[in-house]
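Structure record follows, encoded as structure tokens.
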Amino acid sequence: MSTTEVTEQPVVTAPAEPRPRRRPWTVRRVAYTLAPALIYLGIREFGLLVLSWMSYQTHFPMGQALTSWDADWYLGIAAGGYDNVPARLVDAYSQRSPETPLAFFPGYPKLINYLAAPLGGTHNARLFAAFTITIVAGLFCAYALVRLGRLVPGGSTRTGLILVALFAAAPMSIVLVMPYSEALFCAFAAWSLVWVLERNWVLAGLACTCAGLVRPTAAALVLAVGLAALVAVVKRQDGWRPWAGGLLVPLGFFGYLGWVAVQTGSLFGYFELQARGWDSRFDGGLATARFALDALTRQLSVFEGVTILVILASIALVVIGFRMKVPWPLMVFALGVLLMDLGSNGMMASKARLLMPAFVLLIPIAVGLAKRRTATVVTTLTGLAVVTSWFGAYSLTVWSWAI
Numbered sequence: 074m075s076t077t078e079v080t081e082q083p084v085v086t087a088p089a090e091p092r093p094r095r096r097p098w099t100v101r102r103v104a105y106t107l108a109p110a111l112i113y114l115g116i117r118e119f120g121l122l123v124l125s126w127m128s129y130q131t132h133f134p135m136g137q138a139l140t141s142w143d144a145d146w147y148l149g150i151a152a153g154g155y156d157n158v159p160a161r162l163v164d165a166y167s168q169r170s171p172e173t174p175l176a177f178f179p180g181y182p183k184l185i186n187y188l189a190a191p192l193g194g195t196h197n198a199r200l201f202a203a204f205t206i207t208i209v210a211g212l213f214c215a216y217a218l219v220r221l222g223r224l225v226p227g228g229s230t231r232t233g234l235i236l237v238a239l240f241a242a243a244p245m246s247i248v249l250v251m252p253y254s255e256a257l258f259c260a261f262a263a264w265s266l267v268w269v270l271e272r273n274w275v276l277a278g279l280a281c282t283c284a285g286l287v288r289p290t291a292a293a294l295v296l297a298v299g300l301a302a303l304v305a306v307v308k309r310q311d312g313w314r315p316w317a318g319g320l321l322v323p324l325g326f327f328g329y330l331g332w333v334a335v336q337t338g339s340l341f342g343y344f345e346l347q348a349r350g351w352d353s354r355f356d357g358g359l360a361t362a363r364f365a366l367d368a369l370t371r372q373l374s375v376f377e378g379v380t381i382l383v384i385l386a387s388i389a390l391v392v393i394g395f396r397m398k399v400p401w402p403l404m405v406f407a408l409g410v411l412l413m414d415l416g417s418n419g420m421m422a423s424k425a426r427l428l429m430p431a432f433v434l435l436i437p438i439a440v441g442l443a444k445r446r447t448a449t450v451v452t453t454l455t456g457l458a459v460v461t462s463w464f465g466a467y468s469l470t471v472w473s474w475a476i
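All residue numbers for the sequence shown refer to this note's numbering, where the first residue is 74 and numbers rise by one.
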């Protein structure tokens with residue numbers, strides 16, 4: 074009887090892949106991480122220094138300059154809600170009805186109220202909360218702009234950092250350090266567009282919902298993000314996510330318009346109170362064209378001249394953006410902001426400020442500057458910051474009408 078010995082073959086396993094090593098926190102990495110914040114805060118701090126100088130020269134109190142016009146409304150709504158806004162706040166015709174405060178979207182004043190409550194809910198607490206929200210929102214927007222700078226064709230981190238500087242030094246960037254809602258809206262809009270390009274549909278929809286509670290400009294964002302989600306659904310990309318994101322997109326904006334409709338008893342109640350209180354309605358751009366033609370046929374004020382230049386530059390940048398093939402959701406958003414601003418009548422003095430959310434129009438400039446030598450970039454951006462800081466200070470301390 075023979076026995077057969079069975080020997081087990083050793084099991085050969087592939088060597089385990091080494092875990093990716095974490096990048097060390099070198100000085101260079103720390104510098105790149107902090108760069109968006111430092112660039113943004115540095116330019117805005119310079120703007121405040123120029124404003125303090127202009128305030129001294131014109132004897133116009135700096136605190137009053139920073140908290141005038143819409144800032145006064147937002148702080149008033151934060152203090153008493155829509156039903157208890159201070160009686161001194163009136164519309165463009167110096168009138169006031171119970172519906173007048175509804176012209177201001179609730180997202181920003183509600184945040185002011187929530188942040189001020191643990192601090193005592195006093196006027197000073199609301200001021201601190203308002204400025205804090207504006208500055209922090211601007212920082213969040215800066216980091217989103219760096220991401221956009223990397224995602225666009227021909228982009229890079231350098232492009233993104235230049236984009237941050239251009240945004241912080243835009244002609245009416247003074248509102249980025251005021252209790253205005255532009256900084257908060259731009260932060261939500263920028264991250265929503267970043268997540269659209271990265272196809273993170275749920276986060277894009279959530280950010281769009283939040284933006285819809287902050288400013289009426291959200292209509293342009295709803296259009297851009299909603300169309301992008303719809304295209305993804307039609308192409309059957311990313312499974313259920315574009316469906317979910319697309320459903321979230323309109324909730325904030327149309328939710329508030331619906332609430333105002335209930336409060337006013339009219340389906341178009343929000344637009345009616347805007348027309349009644351601020352003579353703001355869509356006219357296809359006729360009022361803007363009349364303003365420009367009239368201003369060009371008489372002695373221009375500095376403010377009017379710069380406003381016309383900003384309008385013309387914005388139109389040119391839309392054309393350049395399409396020619397450079399900037400991703401279409403970004404261009405749809407920019408075009409929507411431009412049409413909403415230039416296509417409405419209302420206060421012509423606000424045109425340049427209302428274009429602040431059209432930050433994607435700065436992308437072609439950022440891409441072009443990124444190809445230049447560092448010295449050229451620094452010189453250009455420094456000169457721009459000096460001029461726009463003065464213009465913002467001039468707008469608050471010398472110009473006689475609302476921005």
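Beta carbons are placed, not taken as given, at the ideal position from N, Cα and C, and that holds for glycine.
Predicted, not measured: the structure shown is a model, and the values here were computed from it.
Q.
Here's a check: name, in chain order, each residue in its chain whose Cβ is nearer than 7 Å to the Cβ of Ile244, leaving out the five neighbours to either side.
A. Residue identity check: residue 244 is Pro in the sequence provided, not Ile. Hits under 7 Å: Val379, Val383, Ala425, Thr461 and Phe464.
Q.
To the nearest angstrom, how far is the alpha carbon of Pro97 from that of Ile235?
A. 26 Å
Q) In angstroms, rounded to a whole number, what distance separates the CA positions of Phe432 and Gln130? A) 32 Å
Q) For Trp474, is the beta carbon positioned less than 7 Å from some heavy atom of the ligand MG? A) Looking for the ligand MG in the displayed structure turns up nothing, as the structure carries no ligands at all.
(Q) For Gly328 and Val322, I'd like the C-alpha separation in whole angstroms. (A) 11 Å
Q: Less than 8 Å between the CB atoms is what I'm expecting for Val267 and Leu221, so what's the real figure, rounded?
A: 6 Å
Q | Contact the segment 158-170 vs the segment 250-270: 3+ CB pairs below 8 Å | A | no
Q.
For Asn197, count the other beta carbons within 10 Å of its own beta carbon; 16 or more makes it buried, fewer makes it exposed. Which is it?
A. exposed
Q) Residues in its own chain within less than 6 Å of Ile393 by CB, not counting five upstream and five downstream? A) Pro437
Q | Straight-line Cα distance separating Arg231 from Thr449 | A | 14 Å
Q: Specify, as a first and last residue, the run of the alpha helix (DSSP H) that Trp351 falls within.
A: Gly342 to Trp351
Q | Per DSSP, cross-strand counterpart(s) of Ser417 | A | Phe355
Q | C-alpha distance - Arg363 paired with Val451, whole-angstrom precision | A | 38 Å
Q: List the endpoints of the continuous alpha helix (DSSP H) containing Gln130.
A: Val100 to Thr131
Q: Flag this pair as yes or no: are the beta carbons of Ile247 and Gly120 separated by less than 8 Å?
A: yes
Q: Within its chain, find whatever has a CB closer than 7 Å to the CB of Ala210; leave out the 5 residues flanking it on each side and keep chain order.
A: Ala256, Leu257 and Ala260
Q | Reduced DSSP secondary structure (H/G/I, E/B, other) of Tyr253 | A | coil
Q) Near Asp311, which residues of its chain fall below 7 Å by C-beta distance, leaving aside the five closest residues on each side in sequence? A) Arg272, Trp274 and Ala305
Q: Report buried or exposed for Gly278, applying the criterion of at least 16 other Cβ atoms within 10 angstroms of its Cβ.
A: buried
Q.
Just verifying my parser: in three-state terms, what is the DSSP assignment at Gln336?
A. helix
Q | 8 Å contact criterion, which Thr290 and Met413 should meet: CB distance rounded | A | 6 Å
Q) Just curious, the alpha helix (DSSP H) that Leu184 is in, first and last residue? A) Gly180 to Ala189
Q) In terms of residues, what are the limits of the alpha helix (DSSP H) holding Gly211? A) His196 to Leu224
Q | Bounding residues of the alpha helix (DSSP H) (the contiguous stretch that carries Thr470) | A | Thr447 to Thr470
Q: Rank Trp146, Ala466 and Val375 by C-alpha distance to the C-alpha of Tyr57 and give the top, closest one.
A: Residue 57 falls outside the range modelled here, since the chain spans only 74 to 476, and no answer is possible.
Q | Segment limits, alpha helix (DSSP H) that includes Pro437 | A | Ile436 to Ala443
Q.
Restricting to Cα atoms, I'd like to know which of Val440, Gln137 and Ala360 is closest to Arg223.
A. Val440
**Q.** Cutoff 7 Å; reference Asp352; Cβ partners in own chain excluding five residues on either side
**A.** Ala165, Asn418 and Gly419
Q. For Met421, which option in Arg445, Phe395, Leu454 and Asp367 has the closest C-alpha, if you only look at C-alpha atoms?
A. Asp367
Q.
For Glu172, count the other beta carbons within 10 Å of its own beta carbon; 16 or more makes it buried, fewer makes it exposed. Which is it?
A. buried
(Q) Spatial neighbours of Leu175 within its chain, please: C-beta separation below 8 Å, excluding the five flanking residues on both sides. (A) Tyr155, Val333, Gln336, Thr337, Gly342, Tyr343 and Leu346
Q | Nearest-angstrom Cα separation, counted from Asn186 out to Gly194 | A | 7 Å
Q: Using 10 angstroms around the beta-carbon of Val225, count the other beta-carbons present and answer buried if the total reaches 16, otherwise exposed.
A: buried
Q) In angstroms, rounded to a whole number, what distance separates the CA positions of Ser387 and Leu434? A) 7 Å
Q. Is Pro402 closer than 8 Å to Ala293 when the C-beta atoms are compared?
A. no
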